[in-house]
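Below: the structure, in structure tokens.
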Amino acid sequence: MNTQEHQHHHHSAKHIKTSDDQVEHKNHASCCAIHQANNKGDLNVGKDAFFTCPMHPEIRQKGPGNCSKCGMALEPEQITLEVGEDHEYLSMKKRFIISAVLAIPLMIIAMGKHFIGIPDKISNILELLLATPIVIWGGWPFFKLGYQSLLNKSLNMYTLLSLGIGAAYIFSVISIILVHQFILLQKVGVYFEAAGVITTLALLGQVMELKARSYSNNAIRELLGLAPKTARIVKSDNTEVDIPLEEVAIGNLIRIRPGEKIPVDAIIIEGNSNIDESMLTGESMPVYKNIGDKVIGGTLNGNGSIIVKAERIGKETVLAQIVEMVSKAQRSKMQIQKLADLTSAYFVPIVILIAIITGLIWYIAGPEPKLAYAMVNSIAVLIIACPCALGLATPMSIMAASGKGAKLGILIKDASSLELLSKIDTIVVDKTGTLTEGKAKLTLIKSLGEYDESKLLYWAASLEQNSEHPLAAAIVNAAKEKNINLAKVENFQSITGQGIIGSIDGVAISFGNLKLFSEEVNNIEQIDKLAFEMRRDGQTVMFFGIEGKIEALFCTADPIKPSACNAIKELKQNNVNIIMLTGDNLTTALAIAKKLNINKVEAGVTPARKAEVIKDLQLQGKIVAMAGDGINDAIALAQANVGIAMGNGTDIAIESAGITLLKGDINGIIKAYKLSKATIRNIKQNLFFAFIYNILGVPIAAGILYPWLGVLLSPIFASVAMSFSSISVIINSLRLKDL
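The sequence shown: position 280 = 427 (the numbering used here), numbered continuously.
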């Protein structure tokens with residue numbers, strides 16, 4: 148049946164406007180993880196390509212380099228479809244693996260020497276040999292970034308990390324070489340273990356972040372992959388030739404066969420077909436298109452062969468602009484600075500200042516050997532302030548939450564999504580596939596005469612088994628569920644825009660919309676009124692006739708997910724405002740909204756409009772989550788503070804979202820919301836544990852108790868304090884697994 152009840156799905160290829168239409172359409176960037184400073188990698192971009200900083204998008208230059216503000220490696224603005232090796236990720240992974248292999252024996256020797264009784268001279272040399280390649284080779288990217296932060300006068304976590312690692316390592320080397328200078332301080336510990344372990348953990352964090360960046364780039368590549376690589380051009384002599392997509396020009400005539408993707412935005416000049424626009428609208432119902440109708444590049448041609456004339460190509464197509472909008476939305480949401488980074492902006496200079504003041508005081512007023520006391524206590528300040536626990540505070544909670552989330556069917560893509568999910572006050576939901584099952588089912592057979600439902604279903608399903616219409620499957624499946632054997636149909640005919648006809652056992656049967664029936668049919672106005680009431684309840688209505696007389700109405704609908712009602716109710720109890728945006732018609736949308744008690748609804752929306760609504764809400768100060776499952780939701784998922792993809796959806800929706808619900812169960816939104824609240828509480832507790840040792844330890848390391856009690860912070864206690872703060876963070880983080 149070629150009938151289309153939902154003509155609202157008919158979308159013309161309107162030119163999507165972005166907020167920066169005046170700016171050149173170059174910015175195909177994605178979220179990026181922290182980059183290795185000296186690595187340029189195989190990024191599939193030319194030397195003249197533009198690069199930008201993911202944290203400071205205003206920093207923009209030709210060719211690769213580093214951000215003048217934060218020292219991060221710049222990211223290419225345009226991601227290509229070809230996937231080359233990510234040398235940066237592979238290099239960082241190699242550094243981590245080798246460092247981890249060396250760090251394990253380093254920890255065993257450092258912790259075991261007190262019990263095994265290895266002489267200090269031997270254990271110190273062994274630790275030096277193991278720690279040196281970890282710190283100098285493994286930690287080289289951090290030292291370079293730390294150095295750049297000093298040059299740029301923009302102190303950050305890398306300043307602290309490089310100073311902490313460097314101080315621990317240099318102090319340890321000096322304490323071995325100049326051991327005779329430290330007799331008055333009695334036993335002096337070495338910090339090779341701390342330097343090596345901090346470096347290894349920091350490398351692990353980099354590997355995880357770089358992996359996240361590659362996922363973001365995949366989202367762009369999935370979008371780019373929607374368009375076919377070639378187009379079949381019809382020449383003036385009616386011969387046809389395949390050419391690369393890049394060579395298609397405006398005005399070219401293109402042949403598109405059944406089942407093929409449409410290469411560019413165009414207008415149909417010959418033929419008709421049902422076009423699957425789900426990549427744009429998210430609605431599974433194909434749209435009937437005829438001569439003069441516009442089609443969009445990347446959409447899928449159905450059962451007809453058509454010839455189209457190219458209207459928009461390259462960066463002007465709807466698909467290219469969707470790619471651009473996803474890129475921009477992704478890049479903008481990555482500018483959120485993490486709590487640890489904000490804190491370190493003040494923490495780093497204060498610690499450095501305290502270390503310098505400590506050294507000066509001990510050198511001027513301390514006992515002999517003044518230089519030794521000054522150096523030991525200055526470095527002790529940096530050691531106790533070393534960001535080991537601080538570095539663990541967020542990643543450990545995220546890792547624990549990710550593990551717990553996976554068991555609940557919740558995949559977490561990045562920390563910022565989890566953090567922001569705990570703060571949301573508004574959630575925008577798509578209808579199809581999110582609130583509903585996403586597949587039509589037969590809901591009602593309304594007999595208008597003498598025939599019972601079983602007989603009507605037998606006839607209708609027998610006729611529909613020959614149809615390619617998407618609603619045909621709902622009718623046929625309903626018959627199969629009731630074990631109804633279908634009959635052979637004779638004289639089957641599909642009438643475009645009306646429905647299907649045929650004969651079964653000599654009885655003439657027709658099934659479609661009202662256009663299929665003569666206006667002379669009795670009570671047609673009453674029947675149409677009845678159909679209208681059913682549509683208002685969110686159902687799609689088809690008319691079934693025998694010998695030209697309407698005998699029944701068949702209703703299909705996309706059923707609401709069983710979990711939807713409870714999920715909406717619980718979100719409201721948590722003071723989260725709910726808005727439904729859908730590409731479907733207003734009648735159906737209002738019917739679903741009424742059943743779920745959703746007050747705010749907007750229907751017939753394009754992907755660009757979804758993102759626009761979210762942006763407007765954000766300008767009002769709202770923190771917005773978006774839940775969707777289709778490619779059409781990709782822009783909105785990326786624009787939202789938190790994108791939530793339903794696992795029953797497309798790969799691109801999942802790639803564009805920060806959180807994915809594997810089971811496609813909307814109750815997962817509630818579970819994810821509660822997990823995010825618990826995780827943020829856990830991270831704040833971890834940061835407290837990380838800083839309390841610093842706050843108490845730094846003054847003692849500086850020697851504040853020495854004038855009254857003669858107490859200096861023993862290197863052994865400094866090591867224990869650092870370890871204990873890290874252990875506190877780890878144990879606290881693991882509590883998330885027991886939620």
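Every residue gets a Cβ at the ideal spot worked out from N, C-alpha and C, and that includes glycine.
- SER270 is positioned such that its CB atom lies no closer than 8 Å to that of ILE283.
- Looking at the DSSP output, LYS593 shares a beta bridge with LEU700.
- For the pair ASP440 and ILE415, the CB atoms are nearer than the 8 Å cut-off.
- Spatial neighbours of VAL845 in its own chain (CB-CB distance under 8 Å, excluding positions within 5 residues in sequence) are listed in chain order as VAL498, ILE501, VAL528, ILE531 and ALA532.
- Across the set SER641, ASN744 and ALA750, the C-alpha of ALA750 shows the shortest separation from the C-alpha of THR735.
- Under the three-state reduction of DSSP, LYS708 is assigned to coil, being neither helix nor strand.
- Looking at the backbone, the Cα of THR573 and that of ILE830 are separated by about 23 Å.
- Given a length threshold of 3 residues, each whole run of the beta strand (DSSP E) inside the region 627-657 is given here in chain order: 637-642 and 646-651.
- Distance from the Cα of VAL623 is smallest, within the candidate group THR579, GLN686, PHE701 and LYS719, for PHE701.
- In this structure the region 551-565 does not lie against the region 652-671, because fewer than three pairs of beta carbons, one per stretch, are closer than 8 Å.
- Beta-bridge annotation (DSSP): GLY264 is not paired with any residue.
- When C-beta atoms of the region 629-647 are compared with those of the region 600-617, three or more pairs fall below 8 Å, so the two segments count as touching.
- For ASN814, the enclosing alpha helix (DSSP H) starts and ends at 814-849.
- By the Cβ criterion, the region 335-344 is not in contact with the region 373-390, since fewer than three pairs of Cβ atoms, one from each stretch, lie closer than 8 Å.
- Here DSSP, grouped into helix, strand and coil, assigns PRO280 to helix.
- The beta carbons of ASP776 and ASP577 sit closer together than 8 Å.
- Counting C-beta pairs closer than 8 Å gives fewer than three between the region 239-246 and the region 299-317, which falls short of the contact rule.
- If you draw a straight line from the Cα of PRO754 to the Cα of VAL760, it is about 10 Å long.
- Distance from the CA atom of GLY580 to the CA atom of ILE726, rounded to whole angstroms, is 16 Å.
- Counting along the chain, PRO754 sits inside the alpha helix (DSSP H) bounded by residues 754-766.
- The region 785-793 and the region 764-774 touch, with three or more beta-carbon pairs separated by less than 8 Å.
- If you draw a 10 Å sphere on the C-beta of GLN686, you find 16 or more other C-beta atoms in it, and that means buried.
- The count of Cβ pairs closer than 8 Å, one atom from the region 707-725 and one from the region 619-639, stays below three, leaving the stretches out of contact.
- Membership of PHE679 in the alpha helix (DSSP H) is indicated by the continuous run 671-683.
- A distance below 7 Å between beta-carbons, with the five flanking residues on each side excluded, links ASP423 to the following residues of its chain, in chain order: PRO433, THR446, LEU447 and GLY449.
- Ranked by Cα distance from PRO410, the first of THR386, GLU235, SER319 and LEU466 is LEU466.
- At a Cβ-Cβ threshold of 8 Å, SER594 and ALA704 do not count as neighbours.
- Approximately 17 Å separates the beta-carbon atoms of LEU883 and ILE817; this is outside 8 Å, ruling out the contact.
- A residue is called buried once 16 or more other Cβ atoms fall within 10 Å of its Cβ, and TRP855, having fewer, is exposed.
- LYS300 and SER525 have their C-alpha atoms spaced approximately 22 Å apart.
- Scanning its chain for C-beta atoms nearer than 7 Å, with the 5 sequence neighbours on each side dropped, one finds around GLY418 the residues GLY451, SER452, ILE453 and ILE454, in chain order.
- In the three-state scheme derived from DSSP, where H, G and I count as helix and E and B as strand, THR579 is classed as helix.
- When the alpha-carbon of ILE813 is set against those of ILE707, LEU766 and LYS824, the nearest one is in ILE707.
- With a threshold of 16 other beta carbon atoms within 10 Å, SER601 falls short and is exposed.
- The criterion of a C-beta distance shorter than 8 Å is not satisfied by THR279 and GLY293.
- According to the DSSP assignment, LEU728 belongs to the beta strand (DSSP E) that extends over 724-728.
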